[in-house]
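If you read the sequence shown in UniProt numbering, its first letter stands for residue 1, the second for the next number, and so on. For glycine and all other residues, C-beta sits at the position ideal for the given N, C-alpha and C. Below you'll find the structure, written out as structure tokens, and then a few comments.
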Amino acid sequence: MEVVLRGITFGYQPERLLFDGLNAEFESNKTHVLLGKSGSGKSTLLKILSGDLNPQAGTISSDGQPWHQSEDSVLPGYRHVAFLNQEFDLLPFCTTKENIRRRLSGYSPEEEEEIIRDVSIKLDIKNILNRRATDISGGQKQRVAFAAALARRPKILLLDEPLSNQDFENAENIKDILQYLRGRKTLIITAHEESEALGRADAIHILDNGCILQKDTPERLFEHPKNELCASLLGYYNKLPKDWIEINFKVQIPENGDEYLFTRPHHWVLNKTFGLPCHIMRSEYQGMYHMVLVEVDSFYLYVFYPGTRFEPQDRWKVAYQGFKRSL
Numbered sequence: 001m002e003v004v005l006r007g008i009t010f011g012y013q014p015e016r017l018l019f020d021g022l023n024a025e026f027e028s029n030k031t032h033v034l035l036g037k038s039g040s041g042k043s044t045l046l047k048i049l050s051g052d053l054n055p056q057a058g059t060i061s062s063d064g065q066p067w068h069q070s071e072d073s074v075l076p077g078y079r080h081v082a083f084l085n086q087e088f089d090l091l092p093f094c095t096t097k098e099n100i101r102r103r104l105s106g107y108s109p110e111e112e113e114e115i116i117r118d119v120s121i122k123l124d125i126k127n128i129l130n131r132r133a134t135d136i137s138g139g140q141k142q143r144v145a146f147a148a149a150l151a152r153r154p155k156i157l158l159l160d161e162p163l164s165n166q167d168f169e170n171a172e173n174i175k176d177i178l179q180y181l182r183g184r185k186t187l188i189i190t191a192h193e194e195s196e197a198l199g200r201a202d203a204i205h206i207l208d209n210g211c212i213l214q215k216d217t218p219e220r221l222f223e224h225p226k227n228e229l230c231a232s233l234l235g236y237y238n239k240l241p242k243d244w245i246e247i248n249f250k251v252q253i254p255e256n257g258d259e260y261l262f263t264r265p266h267h268w269v270l271n272k273t274f275g276l277p278c279h280i281m282r283s284e285y286q287g288m289y290h291m292v293l294v295e296v297d298s299f300y301l302y303v304f305y306p307g308t309r310f311e312p313q314d315r316w317k318v319a320y321q322g323f324k325r326s327l
């Protein structure tokens, strides 16, 4: 199910609007990641999509039909949407089965049993259905929370920073679940680290000042950020004058009206034979590579250096490999 937002206006205080006419589109059965600085409204937008918050103006629709909250439910929300927050919202002294069942409404007892059986198999929690939440591991709690959300059979699943504050094992559990769901549901996920967005998104939406600043595939957004904010949210970057790159490295950069070019560390090469002499400012060991900060012509550049061994005291040169050389 696609999600279309038009003219969404919302503020926790009437005189201070967080969104003022926000427009956004989330294609059906794709994984969408919302990325932005703290306070940009990522979590608030999920709460609006979940029905927990009501915008002062604007519409949410799918296939041209506006969303309406269920009139037969005492809780806010949309029947086709499930929202999984960072706390996972499990009742500690209820069993796994009870925590899943309490999310269901409008089903017969037989249908509830069938739904619980189905999600417990998919999330590998069949053997803990009768155990209380206080008696299971952190990874199992996460799977139960996902099972409870999926038991509602939502077409849209909202996840607020699902990898935040998780240890390695639990984070891997969540990644497995997200991979299983990819292409099966419309997923809208908030993230605070670039690795979370680049690794699992079909589309990344950069949220800033109450609007979607840039929306694109991870590859295109990483390589061609619209501005410095978009570049900074996806990891190391370099902001350099285009004419300096063209003159010093004999390349021709496509004209797009911008004075500066945002490049990534892998667009540059450290070597000892060609390019401009540079001074090594620092080198950070990252396992199978080094992230090196160099100074050249009074500019500072992050350069990706493959390999496990790097000698900062050696004489190095830096060359640009982002575009084909001019003839």
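How far does the beta strand (DSSP E) with residue i in it reach, from first residue to last?
| i | result |
| --- | --- |
| W244 | Per DSSP, W244 belongs to no beta strand (DSSP E); it is in the alpha helix (DSSP H), K242 to F249. |
| P277 | L276 to Y285 |
| C211 | C211 to D216 |
| L260 | The sequence given here has Tyr at residue 260, not Leu. Y260 to T263 is the extent of the beta strand (DSSP E) around Y260. |
| K317 | W316 to Y320 |
| S61 | A57 to S62 |
When burial is assigned at 16 or more other CB atoms within 10 Å of the CB, is residue i buried or exposed?
| i | result |
| --- | --- |
| P225 | buried |
| S120 | buried |
| Q179 | exposed |
| E196 | buried |
| S326 | Confidence at S326 is low in this model, with a pLDDT of 38, below 50, so its placement is unreliable and the value that follows should be read with caution. Looking at its Cβ environment, which holds fewer than 16 other Cβ atoms inside 10 Å, S326 is exposed. |
| L233 | buried |
| R152 | buried |
Would you mind giving the Cβ-Cβ distance between residue i and residue j, rounded to the nearest angstrom? I have them listed as a contact below 8 Å.
| i | j | result |
| --- | --- | --- |
| F262 | A231 | 4 Å |
| L53 | F83 | At roughly 11 Å, the Cβ-Cβ gap does not stay under 8 Å, so L53 and F83 are not in contact. |
| G58 | R132 | So it is not a contact: roughly 42 Å between Cβ atoms. |
| T134 | F93 | 6 Å |
| A319 | F249 | 7 Å |
| I125 | Q140 | 6 Å |
So, are the CB atoms of residue i and residue j less than 8 Å apart?
| i | j | result |
| --- | --- | --- |
| I156 | I188 | yes |
| R220 | Y237 | no |
| Q142 | F88 | yes |
| I204 | G36 | no |
| S62 | V3 | yes |
| G210 | G41 | yes |
| L104 | E114 | no |
| S43 | T186 | no |
Work out the CA separation of residue j and residue i for me, nearest whole Å.
| i | j | result |
| --- | --- | --- |
| S50 | K242 | 44 Å |
| F310 | H290 | 7 Å |
| L163 | D216 | 22 Å |
| E193 | E110 | 43 Å |
| I280 | L198 | 29 Å |
| E255 | P218 | 23 Å |
| A24 | P154 | 20 Å |
| Y78 | N29 | 18 Å |
| I253 | I100 | 56 Å |
| residue 328 | Y107 | There is no way to answer for residue 328, as the model of the chain reaches only from 1 to 327. |
| V33 | E259 | 29 Å |
Go to residue i, then tell me how far its alpha helix (DSSP H) extends in each direction, as first and last residue.
| i | result |
| --- | --- |
| G139 | G138 to A151 |
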